[in-house]
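In the working numbering, the protein residues as written are 60 to 268.
This report concerns only the one structure given below.
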(Lines of atoms letter the chains of each structure in order from A and count residues from 1; the text may use other names and numbers.)
(Lines give C-alpha, C1' and ligand atoms only; values in the text may rest on other atoms or scores of the structure.)
Protein backbone atom coordinates (compact mmCIF):
# COMPACT_ATOMS: atom_id res chain seq x y z
CA UNK A 1 0.00 0.00 0.00
CA UNK A 2 1.45 3.43 -0.94
CA UNK A 3 2.63 5.94 1.64
CA UNK A 4 -0.25 8.03 2.95
CA UNK A 5 -0.09 11.80 3.02
CA UNK A 6 -0.75 14.16 5.91
CA UNK A 7 -4.27 14.86 4.63
CA UNK A 8 -5.32 11.32 5.62
CA UNK A 9 -3.96 11.97 9.11
CA UNK A 10 -5.94 15.19 9.36
CA UNK A 11 -9.11 13.39 8.29
CA UNK A 12 -8.46 10.74 10.94
CA UNK A 13 -8.00 13.44 13.59
CA UNK A 14 -11.32 14.91 12.49
CA UNK A 15 -13.03 11.60 13.20
CA UNK A 16 -12.91 9.72 9.89
CA UNK A 17 -13.03 6.01 10.64
CA UNK A 18 -12.21 5.27 7.01
CA UNK A 19 -8.97 7.26 7.22
CA UNK A 20 -8.13 5.50 10.48
CA UNK A 21 -8.58 2.15 8.72
CA UNK A 22 -6.38 3.33 5.86
CA UNK A 23 -3.62 4.21 8.31
CA UNK A 24 -3.98 0.88 10.09
CA UNK A 25 -3.81 -1.14 6.86
CA UNK A 26 -0.99 0.92 5.36
CA UNK A 27 1.40 0.62 8.29
CA UNK A 28 0.44 -2.39 10.39
CA UNK A 29 2.77 -4.88 8.71
CA UNK A 30 5.72 -2.50 8.79
CA UNK A 31 5.04 -1.62 12.42
CA UNK A 32 4.70 -5.28 13.34
CA UNK A 33 8.06 -6.07 11.75
CA UNK A 34 9.75 -3.20 13.56
CA UNK A 35 8.09 -4.18 16.82
CA UNK A 36 9.32 -7.75 16.47
CA UNK A 37 12.84 -6.47 16.01
CA UNK A 38 12.48 -4.48 19.23
CA UNK A 39 10.78 -7.09 21.40
CA UNK A 40 11.16 -10.39 19.54
CA UNK A 41 7.92 -11.52 21.18
CA UNK A 42 4.72 -11.80 19.15
CA UNK A 43 2.36 -11.34 22.09
CA UNK A 44 4.17 -8.24 23.33
CA UNK A 45 4.19 -6.69 19.87
CA UNK A 46 0.54 -7.47 19.17
CA UNK A 47 -0.47 -6.07 22.56
CA UNK A 48 1.57 -2.92 21.92
CA UNK A 49 0.06 -2.44 18.48
CA UNK A 50 -3.44 -2.90 19.84
CA UNK A 51 -2.70 -0.41 22.60
CA UNK A 52 -1.15 2.03 20.12
CA UNK A 53 -4.07 2.10 17.71
CA UNK A 54 -6.63 2.11 20.51
CA UNK A 55 -4.86 5.08 22.08
CA UNK A 56 -4.64 6.89 18.75
CA UNK A 57 -8.36 6.57 18.13
CA UNK A 58 -9.34 7.56 21.67
CA UNK A 59 -7.07 10.61 21.61
CA UNK A 60 -7.48 11.57 17.96
CA UNK A 61 -8.94 15.01 18.66
CA UNK A 62 -5.94 15.89 20.81
CA UNK A 63 -3.28 14.75 18.36
CA UNK A 64 -1.29 17.30 16.43
CA UNK A 65 -0.67 17.53 12.71
CA UNK A 66 2.22 15.52 11.26
CA UNK A 67 4.20 15.92 8.07
CA UNK A 68 4.85 12.18 7.75
CA UNK A 69 2.76 9.43 9.30
CA UNK A 70 5.25 6.54 9.29
CA UNK A 71 7.93 8.12 11.55
CA UNK A 72 5.25 9.26 13.99
CA UNK A 73 3.86 5.73 14.29
CA UNK A 74 7.31 4.17 14.58
CA UNK A 75 8.16 6.53 17.42
CA UNK A 76 4.85 5.82 19.16
CA UNK A 77 5.32 2.06 18.84
CA UNK A 78 8.87 2.27 20.13
CA UNK A 79 7.54 4.04 23.22
CA UNK A 80 4.87 1.35 23.68
CA UNK A 81 7.39 -1.48 23.35
CA UNK A 82 9.91 0.22 25.63
CA UNK A 83 7.23 0.69 28.31
CA UNK A 84 6.10 -2.93 27.96
CA UNK A 85 9.63 -4.31 28.22
CA UNK A 86 10.41 -2.03 31.17
CA UNK A 87 7.31 -3.31 32.97
CA UNK A 88 8.34 -6.92 32.34
CA UNK A 89 11.84 -6.22 33.65
CA UNK A 90 10.39 -4.74 36.83
CA UNK A 91 8.40 -7.92 37.27
CA UNK A 92 11.55 -9.97 36.83
CA UNK A 93 10.49 -11.49 33.52
CA UNK A 94 13.40 -9.99 31.59
CA UNK A 95 17.04 -9.15 32.45
CA UNK A 96 17.79 -5.52 33.20
CA UNK A 97 18.99 -3.34 30.32
CA UNK A 98 19.93 0.25 29.78
CA UNK A 99 16.81 2.37 29.18
CA UNK A 100 18.76 4.25 26.54
CA UNK A 101 19.21 1.18 24.35
CA UNK A 102 16.42 -1.22 23.51
CA UNK A 103 17.66 -4.70 22.68
CA UNK A 104 17.16 -5.21 18.94
CA UNK A 105 17.73 -8.87 18.05
CA UNK A 106 17.91 -8.41 14.28
CA UNK A 107 18.43 -11.57 12.29
CA UNK A 108 19.74 -12.07 8.79
CA UNK A 109 16.18 -12.65 7.57
CA UNK A 110 15.02 -9.36 9.09
CA UNK A 111 17.38 -7.53 6.75
CA UNK A 112 16.73 -9.56 3.63
CA UNK A 113 13.05 -10.47 4.08
CA UNK A 114 13.92 -14.17 4.23
CA UNK A 115 15.59 -14.00 0.81
CA UNK A 116 17.44 -17.33 0.32
CA UNK A 117 21.20 -17.01 0.69
CA UNK A 118 24.00 -19.40 0.01
CA UNK A 119 25.65 -20.84 3.11
CA UNK A 120 28.68 -18.62 2.50
CA UNK A 121 26.58 -15.46 2.05
CA UNK A 122 24.55 -16.26 5.15
CA UNK A 123 27.72 -16.70 7.21
CA UNK A 124 29.21 -13.47 5.82
CA UNK A 125 26.10 -11.42 6.53
CA UNK A 126 25.67 -12.86 10.02
CA UNK A 127 29.31 -12.08 10.81
CA UNK A 128 28.85 -8.54 9.48
CA UNK A 129 25.68 -7.82 11.46
CA UNK A 130 27.13 -9.14 14.71
CA UNK A 131 29.75 -6.39 14.48
CA UNK A 132 27.02 -3.78 15.05
CA UNK A 133 25.54 -2.61 18.33
CA UNK A 134 21.79 -2.64 18.94
CA UNK A 135 21.57 1.08 18.19
CA UNK A 136 23.61 0.71 15.01
CA UNK A 137 21.41 -2.12 13.72
CA UNK A 138 18.27 -0.17 14.47
CA UNK A 139 19.58 2.95 12.75
CA UNK A 140 20.62 0.95 9.68
CA UNK A 141 17.21 -0.69 9.51
CA UNK A 142 15.29 2.58 9.81
CA UNK A 143 17.51 4.46 7.38
CA UNK A 144 18.04 1.92 4.61
CA UNK A 145 15.19 -0.55 4.84
CA UNK A 146 12.36 1.72 5.96
CA UNK A 147 13.61 4.75 4.02
CA UNK A 148 13.19 7.08 7.00
CA UNK A 149 15.03 10.40 6.91
CA UNK A 150 17.75 11.26 9.42
CA UNK A 151 15.71 13.94 11.15
CA UNK A 152 12.87 11.46 11.70
CA UNK A 153 15.23 8.77 13.00
CA UNK A 154 16.50 11.23 15.60
CA UNK A 155 12.95 11.57 16.89
CA UNK A 156 12.23 7.84 16.82
CA UNK A 157 15.44 6.86 18.61
CA UNK A 158 15.60 9.98 20.80
CA UNK A 159 19.12 10.84 19.65
CA UNK A 160 20.81 13.97 18.39
CA UNK A 161 21.13 14.29 14.59
CA UNK A 162 24.89 13.97 14.69
CA UNK A 163 24.58 10.85 16.85
CA UNK A 164 22.39 9.20 14.21
CA UNK A 165 24.82 10.14 11.45
CA UNK A 166 27.66 8.77 13.54
CA UNK A 167 25.78 5.50 14.03
CA UNK A 168 25.29 5.13 10.29
CA UNK A 169 28.89 6.02 9.46
CA UNK A 170 30.26 3.71 12.17
CA UNK A 171 28.00 0.92 10.93
CA UNK A 172 29.23 1.24 7.37
CA UNK A 173 32.85 1.29 8.53
CA UNK A 174 32.34 -1.87 10.57
CA UNK A 175 30.47 -3.59 7.78
CA UNK A 176 33.21 -2.65 5.33
CA UNK A 177 35.65 -4.64 7.43
CA UNK A 178 33.32 -7.62 7.90
CA UNK A 179 31.73 -7.73 4.44
CA UNK A 180 32.95 -5.05 1.97
CA UNK A 181 30.18 -5.77 -0.57
CA UNK A 182 27.41 -5.05 1.95
CA UNK A 183 29.01 -1.76 2.99
CA UNK A 184 29.38 -0.76 -0.69
CA UNK A 185 25.70 -1.50 -1.34
CA UNK A 186 24.59 0.49 1.69
CA UNK A 187 26.57 3.45 0.42
CA UNK A 188 24.81 3.12 -2.93
CA UNK A 189 21.47 2.93 -1.13
CA UNK A 190 22.35 6.10 0.78
CA UNK A 191 22.57 7.89 -2.57
CA UNK A 192 19.00 6.88 -3.47
CA UNK A 193 16.37 9.57 -2.85
CA UNK A 194 14.74 8.60 0.45
CA UNK A 195 11.25 8.73 -1.01
CA UNK A 196 12.15 5.52 -2.84
CA UNK A 197 10.09 2.63 -1.51
CA UNK A 198 11.52 -0.12 0.63
CA UNK A 199 11.08 -2.74 -2.07
CA UNK A 200 13.32 -0.83 -4.48
CA UNK A 201 15.95 -0.40 -1.81
CA UNK A 202 15.80 -4.10 -0.99
CA UNK A 203 16.08 -5.06 -4.65
CA UNK A 204 19.20 -2.88 -4.92
CA UNK A 205 20.75 -4.80 -2.06
CA UNK A 206 19.72 -8.23 -3.32
CA UNK A 207 20.95 -7.52 -6.85
CA UNK A 208 24.49 -7.25 -5.55
CA UNK A 209 24.51 -10.57 -3.70
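All residues carry an ideal CB built from backbone N, CA and C; glycine is no exception.
- Query: Is the stretch 218-229 in contact with the stretch 112-128, if contact means three or more CB pairs nearer than 8 Å?
  - Reply: Pairwise C-beta distances place the stretch 218-229 out of contact with the stretch 112-128, as fewer than three of them are shorter than 8 Å.
- Thinking C-beta only, is residue 63 closer than 7 Å to residue 94? Reading the chain shown from its first residue, position 35 is the one you call residue 94. Reading the chain shown from its first residue, position 4 is the one you call residue 63. Not in contact: residue 94 and residue 63 (Cβ atoms no closer than 7 Å).
- Item | residue 145 - DSSP class collapsed to helix/strand/coil | As a working mapping, residue 145 is identified with position 86 in the chain shown. Correct three-state label for residue 145: helix.
- Query: Counting along the chain, where does the alpha helix (DSSP H) carrying residue 70 start and finish?
  - Reply: Locating residue 70 in the chain shown gives position 11, counting from the first residue. Unbroken alpha helix (DSSP H) run through residue 70: 65-72.
- Query: In whole angstroms, what separates the C-alpha of residue 119 from that of residue 66?
  - Reply: Taking the chain shown and counting its residues from 1, the one referred to as residue 119 is at position 60. Taking the chain shown and counting its residues from 1, the one referred to as residue 66 is at position 7. C-alpha separation (whole angstroms): 14 Å.
- What's the C-alpha gap between residue 77 and residue 134? Stepping through the chain shown from its first residue, residue 77 is reached at position 18. Stepping through the chain shown from its first residue, residue 134 is reached at position 75. In a straight line, the C-alpha of residue 77 is about 23 Å away from that of residue 134.
- If we ignore side chains and look at the alpha-carbon of each, how far apart do residue 108 and residue 197 end up? Mapped onto the chain shown, residue 108 falls at position 49. Mapped onto the chain shown, residue 197 falls at position 138. Answer to the nearest angstrom: the Cα atoms are 19 Å apart.
- State yes or no: is the C-beta of residue 139 within less than 7 Å of the C-beta of residue 111? Taking the first residue of the chain shown as position 1, residue 139 is located at position 80. Taking the first residue of the chain shown as position 1, residue 111 is located at position 52. Yes, Cβ-Cβ distance for residue 139 and residue 111 is below 7 Å.
- Query: Which word fits residue 72, buried or exposed, when buried means at least 16 other C-beta atoms lie within 10 angstroms of its C-beta?
  - Reply: In the chain shown, the residue the question calls residue 72 occupies position 13. Buried is the call here.
- Query: Quick one: Cα of residue 187 to Cα of residue 210, how far?
  - Reply: Looking up residue 187 in the chain shown gives position 128. Looking up residue 210 in the chain shown gives position 151. In this structure, the alpha-carbon of residue 187 lies about 26 Å from that of residue 210.
- Item | Other residues of its chain near residue 233: CB distance less than 7 Å, five sequence neighbours each side excluded | Indexing the chain shown from 1 puts residue 233 at position 174. Taken in chain order, the residues that qualify are 190 and 191.
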